[in-house]
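Here the structure is laid out as structure tokens; the discussion comes afterwards.
Numbering (mature numbering (1 follows the signal peptide of the UniProt record, and there is no 0)), first residue to last: -17 to -1, 1 to 527.
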């Protein structure tokens, strides 16, 4: 039985002195009664979870309980003692009011001389209440079972997951009054970053009230990615080939957007967009090659990427034979664009020679449309050999800039230089706009964060990066908290957990695409407190 009392005195009733008291048979005039019966707490209000309260009686005579109207309380209301002499204490007991409406009752005290005192009782309704037995959950990289908690409520409720959090499963996602066990399960982690999301528990009239649950999962300690460098040549007539990928994480495969003759098999592969496929763990991707009606061989590559914080990359060369035959060249060199981002570009170089060559590499220029080793910037990639096919990333470029690029190979022991055709590229302007990151609430070991973004390209991942050391956190120096695969825009919200108390952190948002990572324009600095309530834990008392 709860002993915490919440008593509101609404009125102090005046002394009731009866003008007609006890008379003897010989008296013919009314005389003032000499009795006193007073209850100061004539109108009592108690809270919904209070089960007992006391009422003080002031009297100089014998009194008793004359009537008890239990009203909305029914049999749960009891008043003791039923009578007394002089001052006393009435104890009113009942059970908790688990409904949303108030309930009322009243009783009457009477003295032997006829003095009467009425006392009214009101117990408040519970209102819309909910209690979460636990508000924060952390899972290992490969959890073997789910975690459970109880929702105790006196109203209907529902759980909604954040957009993109397809790695989490909650059951059930709705309920009504009473206590309901809820189980949370998460899939094995598919990234090397911590991932976190927030479950919103809506309840009350129109589901207008909210409690939050934080779910986080540790990332893979070491992402692995293996695939062949070359899968051989397609015949000129085209055909199908398979690339087998070994990985312990989610990986993405990309065909350069400039290549129209090579495709993923949309029936067998999980396509995220045109020219992009994705899978979690080891598996195959299936290539479909169109017929080559030209008299030149075609070469490109499939770029495979896994990981968020420390991404791994494999470039798989794909070739196709030309249609017909021609006399082989003594030395030939070709260059193909693989991908272009904001500050870099990936190319595939192919060198075929009947003799050992000297230096070979790339030459590029923003001014001359036909760059040479004399008028452009030269990058030596290798030396020697008679045949070479390799991918190379040309980095340190300026965004939104046009470059003219050629591959070159020098004849060994001479000044003769062979060039490929010119490949003209324009580095990207960011097609992702990331809004400012904001802190919504900071506790002793957690912080609620949010930002929004708009993207014109496929988003691989998004989330937050924090550091207690660096005031400009990046994926190279900070801790990443992934919220999962994103769409083309929206709000990114999560609770960063397992922070140290009374510690200052610097936090930014990030959006990862196949062209690179984009950070929020600002960094938020927060300081955790010494103590705070657990996120998601309700301050409401247990509703029954």
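Positions of the beta carbon are idealized from the N, C-alpha and C atoms, including for glycine.
If you're wondering where the values come from, they're calculated on a predicted model, not measured in any experiment.
- Below 8 Å, too few C-beta pairs join the segment 258 to 266 and the segment 322 to 334 to call them touching: fewer than three.
- Cα atoms of residue 317 and residue 282: separation of roughly 9 Å, rounded to the nearest angstrom.
- The segment 150 to 163 makes no contact with the segment 457 to 465, as fewer than three CB pairs between them are under 8 Å.
- In the structure shown, residue 179 falls within a strand segment according to DSSP collapsed to helix, strand and coil.
- The DSSP-derived three-state label of residue 267 is strand.
- Assignment of residue 158 by DSSP, reduced to helix, strand and coil, places it in the strand class.
- Residue 141 is positioned such that its CB atom lies no closer than 8 Å to that of residue 90.
- DSSP, read as helix, strand or coil, puts residue 188 in helix.
- Per the coordinates, the alpha-carbon of residue 83 lies some 27 Å from the alpha-carbon of residue 73.
- For residue 343, the enclosing beta strand (DSSP E) begins and ends at 340 to 348.
- Residue 403 sits buried, since 16 or more C-beta atoms from the chains shown fall within 10 Å of its C-beta.
- Looking from the CA of residue 219, the closest CA among 269, 277 and 212 belongs to 277.
- Assignment of residue 202 by DSSP, reduced to helix, strand and coil, places it in the coil class.
- The continuous beta strand (DSSP E) containing residue 86 extends over residues 86 to 94.
- C-alpha of residue 500 to C-alpha of residue 492: approximately 10 Å in a straight line.
- Looking at the backbone, the Cα of residue 393 and that of residue 271 are separated by about 35 Å.
- According to the DSSP assignment, residue 49 belongs to the beta strand (DSSP E) that extends over 45 to 52.
- The alpha-carbon of residue 198 is positioned some 21 Å away from that of residue 495.
- Bounds of the beta strand (DSSP E) holding residue 423 are 421 to 425.
- By the criterion of a C-beta distance shorter than 7 Å, residue 76 is surrounded in its chain by 34, 35 and 61, once the five residues flanking it on both sides are discounted.
- Secondary-structure assignment with DSSP links residue 360 through a beta bridge to 347.
- If you draw a straight line from the Cα of residue 55 to the Cα of residue 106, it comes to about 10 Å.
- With a cutoff of 8 Å on beta-carbon distance, residue 446 and residue 407 are scored as not near each other.
- In the three-state reduction of the DSSP assignment, residue 108 falls in the coil class.
- Excluding sequence positions up to five before and after residue 354, its CB lies within less than 6 Å of the CB of 346, 347, 348, 387 and 389, all in the same chain and listed in chain order.
- Note on residue 245: 16 or more other CB atoms within 10 angstroms of its CB, so buried under the neighbour-count rule.
- For residue 130, the pairing in a beta bridge is given by DSSP as 167.
- Residue 239 sits buried, since 16 or more C-beta atoms from the chains shown fall within 10 Å of its C-beta.
- Here the segment 206 to 220 makes no contact with the segment 249 to 258; the two share fewer than three CB pairs at distances below 8 Å.
- CA-CA distance, residue 366 to residue 269, rounds to 34 Å.
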